[in-house]
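First residue of the sequence shown? That's 54 in the numbering used here, and the numbers climb one at a time after it. Glycine included, each C-beta is placed from N, C-alpha and C at the ideal position.
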Amino acid sequence: MTSDLVRRWAEAILGQVGAPPDAALTVTERLEAGTTGAASASETAMESVWDEEGGALTDTEAEAASPASGPVDIAATLTFADGSAVSVEFAAGTSGTDAVVLLADRLQEAVLEESGGIPRPPCPGHDHPAVAAEVNGVPSWTCPHGMGRTTRPILRDAG
54 MTSDLVRRWA EAILGQVGAP PDAALTVTER LEAGTTGAAS ASETAMESVW DEEGGALTDT
114 EAEAASPASG PVDIAATLTF ADGSAVSVEF AAGTSGTDAV VLLADRLQEA VLEESGGIPR
174 PPCPGHDHPA VAAEVNGVPS WTCPHGMGRT TRPILRDAG
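See the structure below:
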């Protein structure tokens, strides 16, 4: 996984979730142990992590739920005009499928909150947005109420 690939994935996802045009995407790669360039993405970005019931997780719970255990190799940060931001971090060895699903989930949630709840991408026949999930090994948008029945790939080519 490279920062260029993560940037392409993020840009494709942001187009699907309706990111505001003034939102800025930055993708950084770790240059040396413990750094991601001029400033660590985790130092410059805030991330909201929610449990399945919609409540905020504590920092400890969020860390435990994050697939990035150990040093971060790539971080994608979306910063909104009001200064709020979300950062999605990937450790070495994260699979492409897992990375795309995590990226889609986190970016969708941030844009949904920023846009006031406009459901994107739409879930066919429903008022809620489709959600990111792995379906048969493919990162997909799917209905949260019928997981796997109404799906479409998040990316045409996730590789």
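Query                                                                                                                                             : Result
For residue 185, which beta-bridge partners are listed by DSSP?                                                                                   : 194
Ignoring anything shorter than 4 residues, give me the alpha helix (DSSP H) runs that lie fully in the stretch 132–170, in order along the chain. : 149–167
Does the stretch 170–181 touch the stretch 145–152, meaning 3 or more C-beta pairs lie closer than 8 Å?                                           : no
Return the residue from the list 204, 189, 133 and 176 that minimises the CA-CA distance to residue 72.                                           : 133
Check whether the Cβ atoms of residue 126 and residue 64 sit closer than 8 Å, and answer yes or no.                                               : no
I need the straight-line Cα distance from residue 157 to residue 205, nearest angstrom please.                                                    : 13 Å
Please report the distance separating the alpha-carbon of residue 173 from that of residue 167.                                                   : 12 Å
Could you check if residue 55 is buried or exposed, using at least 16 other CB atoms within 10 Å of its CB as the buried criterion?               : exposed
Can you give the beta carbon distance from residue 70 to residue 155, rounded, assuming they're within the 8 Å contact cut?                       : Contact doesn't hold; Cβ gap of about 14 Å is too wide.
Between the Cα of residue 208 and those of 193, 164, 141 and 199, spot the shortest distance and give me the residue it belongs to.               : 193
Helix, strand or coil for residue 208 per DSSP?                                                                                                   : coil
For residue 63, does the three-state DSSP call read helix, strand or coil?                                                                        : helix
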